[in-house]
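Q: Numbering-wise, this note's numbering comes out as the position in the sequence shown, counting from 1, plus 73.
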Amino acid sequence: MEHALAAFATLFAVLDPVGTTSLFIALTAAHDGAGRLRVAALGTGVAFAVLLLFALAGEAVLAFVGISLPAFRIAGGILLFLTALDMLFERRTARRERKVEEERESQAAAEAPDDPSVFPLAIPLIAGPGAIAAMILLMGAAAGDMERQGIVLGTMAGVLLLQFGMFLLGGPIGRVLGRTGMLVVTRLMGMLLAALAVQFVIDGIAAVIRGMGAGA
């Protein structure tokens, strides 16, 4: 249960369904109802495939390039901490909104609205570097325990399903929360993510120290 809660908190904070939903609304402003549904389904589907790939093969990729899991935990924790800082000080929101504005300008120049489902919705707004790092770290922490790894994968699927549902309810959610409400939720998730990122770094350093002690 504790592992499931930690996985949910980490992935919910990194994927930021609330903030991504506000950007989805902007990206699909030129689409009709059926178009928004298709973009939502394809975007979350592609993001799921990307995160699943790195969850299952991430450690193999690291081993191929000669990177140890403790080193990646430390680097991933630092990356997640920087992501948390962006959330706390609105830098990530500003970057995302710039990407959305660029996409909307390109759509306005075309006769038909472009398809934002793969880029920028699936990658990098949903399955960005922070989310990929989080999946590798969570699966690495559950290494050798099929049940815990299944929990991580199920939690990832659940958070993406929640994201898809929020996409479908994007209009009402945006009206209820407003910009201020979305910023409050994003900052709260940023605080939680910062603490989890520090824990990843501590775990990585502890693993390095244990490895040095075992090799001595």
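The beta carbon of each residue, even a glycine, is placed where N, CA and C say it ideally should be.
1. Is valine 91 close to chain B, meaning its C-beta is less than 8 Å from at least one C-beta of that chain?
2. Applying the 10 Å Cβ sphere with the 16-neighbour rule, what's the burial state of aspartate 89?
3. Nearest-angstrom Cα distance between leucine 235 and valine 191?
4. Under the three-state reduction of DSSP, which class applies to phenylalanine 137: helix, strand or coil?
5. Is the number of C-beta pairs between the segment 196 to 205 and the segment 79 to 88 that are closer than 8 Å three or more?
6. What would DSSP say about alanine 270, mapped onto helix, strand or coil?
7. Got a sec? Which residues, its chain only, sit under 7 Å from phenylalanine 273 by beta carbon, not counting five neighbours each side?
8. For alanine 124 and methionine 229, which I take to be in contact (beta-carbon distance under 8 Å), what is that distance rounded to the nearest angstrom?
9. Quick one: residues in its chain with C-beta nearer than 6 Å to the C-beta of glycine 131, no 5 flanking neighbours on either side, listed in chain order?
10. Helix, strand or coil: which one does DSSP assign to histidine 76?
11. DSSP state of leucine 242, grouped into three classes?
12. State the Cα-Cα distance for the pair alanine 82 and leucine 266, rounded to the nearest angstrom.
13. Return the first residue and the last residue of the alpha helix (DSSP H) that alanine 157 is part of.
14. Using C-beta distances below 6 Å, list every residue in its chain close to phenylalanine 121, excluding the 5 sequence neighbours before and after it, in chain order.
15. Given a cut-off of 8 Å, decide if valine 112 and alanine 189 are closer than it, judged by their beta-carbon atoms.
16. By the DSSP assignment, the alpha helix (DSSP H) with leucine 210 in it spans what residues?
17. Could you check whether methionine 262 and threonine 94 sit closer than 8 Å to each other, using their CB atoms as the reference points?
18. Based on Cα-Cα distance, which residue from Arg221, Ala206 and Val258 lies nearest to histidine 76?
19. Within 10 Å of its beta-carbon, does aspartate 159 have 16 or more other beta-carbons around it, so buried, or fewer, so exposed?
A: From the atom records:
1. Here there is only one protein chain, and chain B is not present.
2. That one is buried.
3. Here the alpha carbons of valine 191 and leucine 235 stand approximately 18 Å from one another.
4. When secondary structure is reduced to three states using DSSP, phenylalanine 137 falls in the helix class.
5. Remark: three or more beta-carbon pairs, one from each stretch, lie closer than 8 Å, so the segment 196 to 205 and the segment 79 to 88 are flagged as touching.
6. Three-state DSSP puts alanine 270 in a helix.
7. Excluding residues within five positions, the ones whose Cβ falls inside 7 Å are Arg146, Gly149, Gly150, Leu153 and Leu210.
8. Alanine is not the amino acid found at residue 124; the sequence shown has leucine there. That belief holds up - the Cβ atoms of leucine 124 and methionine 229 are roughly 6 Å apart, short of 8 Å.
9. Contacts found: Ile209.
10. Secondary structure at histidine 76: helix, using DSSP grouped into helix, strand and coil.
11. Reduced to three states, the DSSP call for leucine 242 is coil.
12. Those two C-alpha atoms are separated by around 8 Å.
13. Residues 142 to 161.
14. So the list reads Leu233, once near-sequence residues are dropped.
15. Position check: residue 189 holds proline in this sequence, whereas alanine was assumed. For the 8 Å CB-CB criterion, proline 189 and valine 112 form a contact.
16. For leucine 210, the enclosing alpha helix (DSSP H) has its first and last residue at 202 to 214.
17. The answer is no: Cβ separation not under 8 Å.
18. Comparing Cα-Cα distances from histidine 76 to each of Arg221, Ala206 and Val258, the minimum goes to Arg221.
19. With 16 or more other Cβ atoms inside 10 Å of its own Cβ, aspartate 159 counts as buried.
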